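Before any comments, here is the structure.
Numbering (the working numbering), first residue to last: 8 to 347.
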């Protein structure tokens with residue numbers, strides 16, 4: 008195989024590790040560990056994201072999300088300092104766990120809103136609380152509306168009843184139903200594209216006459232809008248790309264300098280962990296894939312077929328790359344030349 012992956016032409020300005028897609032040496036990383044490498048007694052700082060039914064907690068720690076137990080009761084959004092103890096799951100021996108600053112003075116609806124904001128890594132302030140409280144009361148003050156309100160606020164989108172409803176429905180959508188709705192959408196879109204309809208017009212024509220599908224597309228559009236507020240680390244991705252079998256991929260969306268970036272993690276058990284990014288400027292695509300060492304050979308064999316299918320889209324495929332997965336998360340690649 009010469010040039011780029013799957014016979015694709017190499018693009019000028021791409022990082023060297025993405026140009027050399029065949030390279031896989033013993034000096035390269037052997038995959039991302041499932042958790043931070045910590046020794047018993049190490050002092051760590053983090054924030055609680057959610058409490059599980061079994062009493063453990065989902066926490067953000069060292070830039071990662073993991074499940075852990077704690078030696079005292081915690082709540083979503085709470086920051087902590089603790090000693091680490093390895094185990095299954097690990098134990099956090101709390102040193103401090105406070106209700107810092109504004110959070111310590113809140114109660115009732117404001118406390119619930121603050122916890123919803125902090126659990127997503129979004130900033131907490133009285134202006135944000137005031138706007139969210141007003142919208143929440145206006146819409147009925149139901150607890151299940153909170154996640155949707157927070158996501159809309161973080162993206163600068165209207166806090167309307169319709170927007171809240173479609174996002175709340177999407178977040179509650181069962182992973183088993185999602186592939187069926189997604190398949191319905193793909194079939195309708197494919198029919199319109201096959202008839203020669205342009206992509207933008209085809210997407211618009213899919214809407215109407217199917218409330219479930221309309222709500223799904225509305226939720227995808229809203230949650231696909233980039234977050235416009237500062238975040239405490241990377242917010243958990245909420246968009247899902249379903250597969251015919253297995254759990255859906257989780258997708259996060261960002262935008263910078265006219266480029267859209269879709270980061271995704273693919274739950275492909277037979278290949279090990281697979282992740283990547285899709286860069287899109289409205290006319291062209293660049294796709295970067297990363298796999299564990301054991302997943303590299305079978306994925307490499309599938310790249311020509313993947314490239315062929317991507318070329319069927321009404322977009323120019325500028326790059327398709329495959330490298331070994333490493334600990335460091337890659338971000339926007341400024342060297343992708345969409346104009347070439």
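Beta carbons: idealized from backbone N, C-alpha and C, even for Gly.
Note that this is a predicted model, so its numbers are computed, not measured.
{"Query": "Could you give the distance in angstroms between the alpha-carbon of residue 139 and the alpha-carbon of residue 315?", "Result": "46 angstroms"}
{"Query": "Which whole runs of the alpha helix (DSSP H) in the segment 161 to 196 are 4 residues long or more, in chain order?", "Result": "168 to 178"}
{"Query": "Is residue 325 helix, strand or coil when you go by DSSP?", "Result": "strand"}
{"Query": "Are the segment 160 to 177 and the segment 260 to 277 touching, with three or more C-beta to C-beta distances below 8 angstroms?", "Result": "no"}
{"Query": "Which of helix, strand or coil does DSSP assign to residue 101?", "Result": "strand"}
{"Query": "Would residue 325 and residue 298 be called neighbours here (beta carbons separated by less than 8 angstroms)?", "Result": "no"}
{"Query": "By the DSSP assignment, the alpha helix (DSSP H) with residue 144 in it spans what residues?", "Result": "133 to 145"}
{"Query": "Excluding sequence positions up to five away, which residues of its chain have a Cβ less than 8 angstroms from the Cβ of residue 317?", "Result": "292, 294, 324 and 327"}
{"Query": "Which stretch, first to last residue, makes up the beta strand (DSSP E) that contains residue 55?", "Result": "50 to 58"}
{"Query": "My understanding is that residue 56 touches residue 67, with C-beta atoms under 8 angstroms, so please give their C-beta distance in whole angstroms.", "Result": "6 angstroms"}
{"Query": "Could you tell me whether the Cβ atoms of residue 87 and residue 99 are closer together than 8 angstroms?", "Result": "yes"}
{"Query": "If residue 227 and residue 210 are in contact, beta carbons under 8 angstroms, what's the gap, nearest whole angstrom?", "Result": "With a Cβ gap of about 11 angstroms, residue 227 and residue 210 do not count as contacting."}
{"Query": "How is residue 152 classed by DSSP in three states: helix, strand or coil?", "Result": "helix"}
{"Query": "Rounded to whole angstroms, what is the Cα-Cα separation between residue 116 and residue 144?", "Result": "9 angstroms"}
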